[in-house]
Each structure stands twice: as structure tokens, then as C-alpha cells.
Amino acid sequence: MMDAFVWMEFDLILRLVAGMAAGVIVGWERTLKQKSAGIRTFGLVGLGTATAAAIFTDPGDADAASRVVQGVLTGIGFLGAGVITLGKSENTPRGLTTAAAVWVTAALGCAAGRGDWAIVLTATGLALVLLVIDHSIERWAGRSVEAPAEHAGGHEAPVKLSGRSEQT
39 MMDAFVWMEF DLILRLVAGM AAGVIVGWER TLKQKSAGIR TFGLVGLGTA
89 TAAAIFTDPG DADAASRVVQ GVLTGIGFLG AGVITLGKSE NTPRGLTTAA
139 AVWVTAALGC AAGRGDWAIV LTATGLALVL LVIDHSIERW AGRSVEAPAE
189 HAGGHEAPVK LSGRSEQT
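Everything in the sequence shown is counted per the numbering used here, starting at 39 for the first residue and increasing by one.
In C-alpha cells, the structure reads:
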């Protein structure tokens, strides 16, 4: 009986650590790129969503699990929206990738909290690949991608990275 209790506690700890670790991995990449949300924010999102999924998920009640995941992923959108900004002289929103990464981290935390290890490992790896490749795919495909320009007089101007000549 005691062995079953110890195993259940170990399993719970493993789920929470996995949710936090997935968030830390995604946050590490955002920190390296000096984004507004980093290791601590993403680690907390992963830990918090793993905790919610673990606490409010009864293995025998799939409907309850569905409602928890739905509520978490809807609610986390508000946190993600907080990292999206629009510059004074720009028409292009900034922070969309970080906001999407926050949402993905919430999904990773939910999967970890439920013990869905294949999803956690695969999706964390895929998210990291997407974040690391940055704009390489867009440049390779010839799509115009805006990058921050050098500061000139305190104002930023978008710079086009495509082969087309654009005024900066």
C-alpha cells in the first residue's frame, strides 16, 4: 500500500517537473533572443498548466479533463496577448511568436500534467526547432521578412530581408 502511494507521488512530481522543464526549454530560446518573456515566465506557465491538469484531471472523467484543458488554453491567451505590442511608428505587431510560444507552452504543460509523455517530448522538440530556425525558412523561400533596423535617432524602421529593393 505504501509503495503505491510513493509511486503516485513520484508520478505527480515527474509530471510537474516535466511541465516546468518544457516551459524552461522554450523560455531559454526566448531569453537567448532577448524577448520580453523568458525562462521564468515560460517555466511558470508550464508548471502552472501542468499543476492545473494534474489536479483537476480525474482519470475516469474525460469530460472534466477536456474542460480543464479548454479553460487553461483559453485563459492563457490573455497572458500571451500581454506580450504583443505595436510600435509608435509601426503598423506591424511585435511579440506574436512569443505569444504563440506561451500558448504552446500551456499546451505542453497540460500534456505533462496528464502524463502524455510522447506529446510533451515531440511537441517540445518541434517548438524548439521552429523557434531556433527563426526567419531562415522565410528568407530561403524568398518571402519578405521584417527585422528591426539599426536605431537612427531613437526611431526604428522596418527593414525588408527579401531580395526586392525596398525603401527603409
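Every residue gets a Cβ at the ideal spot worked out from N, C-alpha and C, and that includes glycine.
**Item:** Status (buried if at least 16 other CB within 10 Å, exposed otherwise) for E47
**Value:** Within the sequence shown, residue 47 is the residue found at index 9, counting from 1. That one is exposed.
**Item:** Test item: CB-CB of G61 and L146 under 8 Å
**Value:** What you label residue 61 is simply residue 23 of the sequence shown in a count that begins at 1. What you label residue 146 is simply residue 108 of the sequence shown in a count that begins at 1. Yes. Within cutoff.
**Request:** Please name the residue or residues paired with L52 in a DSSP beta bridge.
**Result:** As a working mapping, residue 52 is identified with position 14 in the sequence shown. Bridge partners of L52: none, in fact.
**Message:** In the DSSP output, what is T123 paired with across the bridge?
**Reply:** Locating residue 123 in the sequence shown gives position 85, counting from the first residue. Note: T123 is bridge-paired with R132 in the DSSP secondary-structure output.
**Item:** Endpoints, alpha helix (DSSP H) assigned at T162
**Value:** Here residue 162 refers to the residue found at position 124 of the sequence shown. Counting along the chain, the alpha helix (DSSP H) containing T162 begins and ends at 155-171.
**Member of E176, G180, S174, R152 whose CA lies at the smallest distance from the CA of G84** = Taking the sequence shown and counting its residues from 1, the one referred to as residue 84 is at position 46. Taking G84 as reference, the option from E176, G180, S174, R152 with the minimal CA-CA separation is R152.
**Request:** Indicate the three-state DSSP secondary structure (helix, strand or coil) for Q72 in the structure shown.
**Result:** As a first step, residue 72 must be located in the sequence shown, where it is residue number 34. Collapsing the DSSP output to three states places Q72 in coil.
**Item:** Rounded separation between G98 and D49 - CA only
**Value:** Indexing the sequence shown from 1 puts residue 98 at position 60. Indexing the sequence shown from 1 puts residue 49 at position 11. Answer to the nearest angstrom: the Cα atoms are 17 Å apart.
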